[in-house]
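Asker: Just remember that my numbering sits 15 ahead of the position in the sequence shown, which is counted from 1.
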Amino acid sequence: MNLQTLRNTYIKKVDETVKSFLESLDLAPHLQESLDYSYFAGGKRLRPLMLLSMIHAFNHEVEEGLHAAAALELIHTSSLIHDDLPAMDDDDYRRGKKTNHKVFGEATAILAGDSLLLDSFSLICNDERINDDIKIRLICELSECSGANGMVGGQKLDIENEYTKRSITIDELKTIHHHKTGKLLEFALVSGAIISKQSDDVIKTLKEVAYHIGIAYQIKDDILDIIGDESLIGKPVNSDHKNHKDTYVSLVGLEEAKKMLEFHYKNATTLIKTLNIQSGHILELFSIIINRNN
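1. Under the three-state reduction of DSSP, which class applies to R181: helix, strand or coil?
2. Threshold first: 4 residues or longer. Then list the alpha helix (DSSP H) segments lying entirely within the stretch 95 to 121, N to C.
3. Ends of the alpha helix (DSSP H) at Q233?
4. Out of R152, Q47, H97, which has the shortest C-alpha to C-alpha gap to E121?
5. Using only the alpha-carbon positions, how far apart do K113 and I303 sit?
6. Excluding the 5 residues preceding and the 5 following D41 in the sequence, name in chain order all residues of the same chain whose CB lies nearer than 7 Å to its CB.
7. Flag this pair as touching only if the stretch 143 to 157 and the stretch 101 to 118 have three or more C-beta atom pairs under 8 Å; answer yes or no.
8. In terms of residues, what are the limits of the alpha helix (DSSP H) holding T284?
9. Quick one: residues in its chain with C-beta nearer than 8 Å to the C-beta of I228, no 5 flanking neighbours on either side, listed in chain order?
10. If you reduce the DSSP assignment to three classes, tell me which class M65 lands in.
11. Between the Cα of M166 and the Cα atoms of A231, H75, L87, which residue gives the shortest distance?
12. Leaving out the 5 sequence neighbours to the left and right, which residues in its chain are closer than 6 Å to Q293 when beta-carbon positions are compared?
13. In this structure, does DSSP put L131 in helix, strand or coil?
14. If contacts are defined as beta-carbon pairs under 8 Å, then L266 and I174 qualify, I think. What distance do you get, rounded to the angstrom?
15. Mind reading off the beta-carbon distance from L132 to I90? Whole number of angstroms is fine, and I expect it under 8 Å.
16. Would you call the CB atoms of G80 and I70 closer than 7 Å?
17. Report all residues from its chain with a CB closer than 7 Å to the CB of I210; omit the five preceding and five following residues, and keep chain order.
18. Suppose you measure from the CA of S161 to the CA of F55; what does that come to, to the nearest Å?
19. Considering Cα atoms alone, identify which of R22, S158, I238 is closest to F202.
20. Of the choices L61, Q47, L286, K34, whose alpha-carbon is the least far from that of R22?
21. Do you know offhand how far T220's Cα is from N291's?
22. Do A272 and I234 come within 7 Å of each other at the CB atom, strictly closer than that value?
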């Protein structure tokens, strides 16, 4: 099964899992509409695809990862809704559409983000394909990667840096983005290994892989902010520069940022090749990350 076939087969099932789950909840109509608006706004589904590809790489049953993949995309969508709020990045557009709070108001957007974050754990709890021990490990991992030691903590560091206006080092910027961006990618890789019943040594290696591909992902974002096509990236170019945000490009320049991107990409691919797995789909996804135009 090639990557496109895996995507066509299983990402549709992930979205169907989310749709069925959301429809099963007793939601206020506007909240339901808000959740649907952001989740089904046409994202790349990179994180769930990476999770499912990881399971495939271990020659394990891919279907066992559907709920974890859906939970991961719920949390990612939650983070986008909250990031766009006036108190955060104050963005008007996301994926070429008005942001959630611009359509439904700030209060509903906050509640929608909260709902997606919290309900993701329920999705894993209600998964009948995996045993309780694996559920507990997945919940612990997802909490670690999305909470104060992960995505949320990274966002807080980013906000603090923006408000203090102090000079920041490359290492500090990497710490921010390892948590803000890389930790959900870490969950994608590690949860695939957990579901496939892999060893702690394999999981340790995958966390190193996630660090490098997470940094590479953010560097690519920073490069696209400068030279990207606005119609493809779905937001104005140079927005980070106009908002005086520290980026890899602003700290070291465009050409050096490109070299850093290549360095972290190569480290990620080298590490993944040390594992005795069918790594083709994962390597293809890494290539997509560094060569994407949005």
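Glycine included, each C-beta is placed from N, C-alpha and C at the ideal position.
Answerer: Put simply:
1. coil
2. Taking only runs of at least 4 residues, the alpha helix (DSSP H) segments lying wholly in the stretch 95 to 121 are 115 to 119.
3. 215 to 242
4. H97
5. So the alpha carbons of these two residues sit roughly 26 Å apart.
6. none
7. no
8. 269 to 288
9. G197, L200, H279, Y280, A283, F301, I304
10. Helix, per DSSP.
11. L87
12. A72
13. helix
14. Incorrect: roughly 18 Å between the Cβ atoms, too far for contact.
15. 6 Å
16. Contact flag set, yes.
17. I70, H75, E79, G80, A83, I145, I149
18. 21 Å
19. S158
20. L61
21. 12 Å
22. yes
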